[in-house]
Amino acid sequence: MSHWAGLLSTAAKVNLLVLVVCAVFSWSSLSDRVPEFALTKIEESDTEDDNGKELITEADADPEDLEVFYPTHQWQTIRPGQAVPAGSHVRLNLQTGDREAKLPDSEIGKSDTREERRRKRLGKVDVDSNSFTSQELKKALAKMKESEKAERKAHEEEVRKKFRPIEQLKEEFEKLNMKMETDYEIMVKLISKFNSSASTLDEKVAALYDLEYYVHQVDNAKDFLSMGGLQLVIDGLNSTEAVLKEHAAFVLGAALSSNPKVQIEAIEAGALQKLLVILATEQPLAVKKKALFALSSMLRHFPYAQQQFLKLGGLQVLRSLFRQKGMETLHVRVVTLLYDLIMEKMLLEDSQHGDQMEEKIQQYRQVKLVPAVVEQDWCVVVSNLLAMPEHDTREKVLKTVGVLMAFCKERFQGDQALSTTLSLLRSEYEELAAEEQREGDKDGYFKELLGSVNTIIQQLRKPEPLERCRGEAGPQPGSGAGTQGTRAWISSALPGLVALSRLALTR
395 MSHWAGLLST AAKVNLLVLV VCAVFSWSSL SDRVPEFALT KIEESDTEDD NGKELITEAD
455 ADPEDLEVFY PTHQWQTIRP GQAVPAGSHV RLNLQTGDRE AKLPDSEIGK SDTREERRRK
515 RLGKVDVDSN SFTSQELKKA LAKMKESEKA ERKAHEEEVR KKFRPIEQLK EEFEKLNMKM
575 ETDYEIMVKL ISKFNSSAST LDEKVAALYD LEYYVHQVDN AKDFLSMGGL QLVIDGLNST
635 EAVLKEHAAF VLGAALSSNP KVQIEAIEAG ALQKLLVILA TEQPLAVKKK ALFALSSMLR
695 HFPYAQQQFL KLGGLQVLRS LFRQKGMETL HVRVVTLLYD LIMEKMLLED SQHGDQMEEK
755 IQQYRQVKLV PAVVEQDWCV VVSNLLAMPE HDTREKVLKT VGVLMAFCKE RFQGDQALST
815 TLSLLRSEYE ELAAEEQREG DKDGYFKELL GSVNTIIQQL RKPEPLERCR GEAGPQPGSG
875 AGTQGTRAWI SSALPGLVAL SRLALTR
């Protein structure tokens with residue numbers, strides 16, 4: 395029994411020895427490997443020291459007293475109260491019980507660059523590489539604010555040098571005592587300058603040029619009449635200076651436009667005769683162009699002026715422009731004027747009207763414009779213009795040929811040159827209209843011109859004769875037959891205007 399007890403005692407001693415050796419070996423191995431595993435974990439006991447006192451952590455520390463910990467690629471001990479930058483590797487050293495931190499391995503070699511960027515951001519602030527407190531941040535921010543304030547003050551001073559304050563500008567305007575002039579006052583001054591013998595030619599021309607701008611308005615034109623300006627301008631048509639004639643006619647035409655009161659005063663003052671004299675005599679093209687503009691403004695919507703125009707031989711004067719060299723640009727203007735006057739009468743007599751318009755209709759019935767146009771062979775004059783190359787000119791001539799078809803059909807049918815020109819125009823506009831359609835323009839400009847040409851060709855092929863204007867050549871106004879005759883030639887003329895309906899009232 396004692397023998398077995400001795401053996402058991404010996405075995406227990408061996409086992410105890412083995413356990414001690416293993417424990418020592420394990421403790422040694424653990425002490426070597428723990429730093430590699432305890433990089434980020436903080437045990438609860440780490441917040442207390444060996445005496446059981448609670449340690450001060452970053453969260454508990456006063457933000458004003460925090461120090462910045464600047465990690466490197468070597469492990470460094472973190473002192474209490476230091477703030478560790480985000481992204482740093484932190485571990486608990488089990489041998490010493492201290493917390494340590496360093497830069498991640500990928501950040502090795504970048505700390506200098508980061509430090510350099512930090513120094514650049516802070517500028518000339520004296521930064522301790524080991525410590526940077528919030529007090530230093532406040533000082534740096536104060537310096538930045540002072541620098542910004544100084545820059546803003548310098549900028550404001552520079553602005554004050556370049557610009558004056560609004561109060562000073564108001565005072566200066568009050569000292570000037572500026573007064574806004576009305577159109578009436580301005581026109582008085584311009585008329586005075588034009589009528590003054592002390593004014594130079596250029597000053598008179600400038601006064602007329604400015605007056606033309608103001609008298610476009612109906613009310614200003616009436617004021618212009620009341621202050622005697624209209625008579626001065628009409629007298630200016632007799633000037634020996636071509637430039638004064640030109641601008642005087644320009645002002646007169648602007649004042650006459652759609653202003654019946656001025657139209658009546660102008661024709662009573664002899665403006666119509668003076669305009670016809672300018673157009674009938676040798677004058678520069680610019681002068682005749684403005685005179686024709688003034689004549690057109692006087693005749694439109696004024697049947698009495700149209701009647702006086704025919705009595706004074708106005709059609710013959712306009713016809714003479716086609717025989718003068720260098721006046722080609724006026725031909726289309728003359729044809730457009732005739733078209734407007736004919737259509738003006740046709741539309742008025744064929745429209746619904748009341749008793750108020752009866753007097754005006756009676757005045758229009760006394761204007762024998764169409765018989766005079768046919769008698770003076772304007773049919774050939776108009777049709778010959780279709781040979782001109784400009785599409786805009788052809789468009790206006792086609793409109794006039796269409797409205798004259800009721801009175802000039804026999805003359806047109808006997809004109810072989812017109813037939814040839816119409817055939818050429820149809821071929822040309824068929825190609826241009828087809829090209830427009832290929833480009834996606836179904837109702838283009840050339841298709842409309844092609845329709846006008848085809849309408850005229852169809853009218854010329856009709857065998858039945860068209861009735862002339864019995865209202866102008868037949869019974870006297872007031873008998874009732876004139877109105878019926880007028881409507882008859884309107885009905886005969888309308889088919890020739892189907893394709894031109896969109897442009898019938900435009901110039």
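Numbered per the numbering used here, the sequence shown spans residues 395 to 901. Beta carbons are placed, not taken as given, at the ideal position from N, Cα and C, and that holds for glycine.
Which of helix, strand or coil DSSP assigns to residue i
i, result
"Ala-649", "helix"
"Thr-723", "helix"
"Val-462", "strand"
"Lys-655", "helix"
"Ala-548", "helix"
"Gln-476", "strand"
"Val-761", "coil"
"Gly-796", "helix"
"Thr-815", "helix"
"Glu-784", "coil"
"Lys-556", "helix"
"Val-637", "helix"
"Asp-771", "coil"
"Leu-751", "According to the sequence as given, residue 751 is Met; it is not Leu. Here Met-751 sits in helix by DSSP."
"Ile-676", "In the sequence as presented, Ile is not what sits at residue 676; that position holds Glu. Glu-676 falls in the coil class under three-state DSSP."
"Asn-632", "coil"
Chain-order list of residues whose beta-carbon lies under 7 Å from that of residue i (same chain, five-residue window excluded)
i, result
"Lys-841", "Ala-827, Glu-830"
"Glu-597", "Lys-587"
"Thr-787", "Val-726, Leu-779"
"Ser-777", "Val-795, Phe-806, Asp-809, Leu-812"
Those residues which DSSP pairs with residue i across a bridge
i, result
"Lys-496", "His-483"
"Thr-471", "Glu-494"
Inter-residue Cα distance where the pair is residue i and residue j
i, j, result
"Gln-341", "Gln-760", "Because the chain in this structure spans residues 395 to 901, residue 341 falls outside the shown range and cannot be described."
"Ser-817", "Phe-716", "25 Å"
"Leu-819", "Cys-802", "20 Å"
"Lys-705", "Ala-766", "11 Å"
"Ala-601", "Tyr-608", "11 Å"
"Glu-552", "Arg-546", "10 Å"
"Ile-628", "Met-581", "16 Å"
"Gln-579", "Lys-684", "For clarity, residue 579 is Glu in the given sequence; the question names Gln instead. Near 27 Å, if we compare the C-alpha coordinates of Lys-684 and Glu-579."
"Ile-736", "Val-797", "8 Å"
"Thr-794", "Lys-668", "28 Å"
"Tyr-839", "Thr-815", "19 Å"
"Glu-784", "Asp-577", "41 Å"
"Gln-757", "Leu-732", "18 Å"
"Ser-714", "Phe-703", "15 Å"
"Glu-542", "Ala-536", "10 Å"
"Gln-611", "Tyr-698", "23 Å"
"Glu-568", "Lys-555", "23 Å"
"Lys-564", "Ala-615", "36 Å"
"Arg-558", "Glu-566", "11 Å"
Close beta carbons around residue i, own chain, < 8 Å, minus the five adjacent residues each side
i, result
"Val-681", "Ala-636, Lys-639, Glu-640, Ala-643, Ile-672"
"Gly-622", "Ile-585"
"Ala-663", "Leu-624, Gln-625, Ile-628"
Beta-carbon proximity list for residue i, same chain, < 6 Å, skipping 5 on both sides
i, result
"Trp-469", "Glu-494, Lys-496"
"Pro-498", "His-483"
"Ser-652", "none"
Residue-chain proximity (residue i, chain C), Cβ-Cβ < 9 Å
i, result
"Lys-539", "As a matter of chain content, chain C is missing from the structure shown, which is built from one protein chain."
Quiz item: Using 8 Å as the Cβ pair cut-off and three pairs as the minimum, do the segment 673-686 and the segment 649-663 touch?
Solution: no
Self-check item: Touch test, the segment 630-640 against the segment 648-657, Cβ-Cβ under 8 Å, three pairs minimum
Solution: no
Self-check item: Cβ contact (3+ pairs, closer than 8 Å) linking the segment 770-778 and the segment 831-850
Solution: Put simply, the segment 770-778 does not touch the segment 831-850. Fewer than three CB pairs are less than 8 Å apart.
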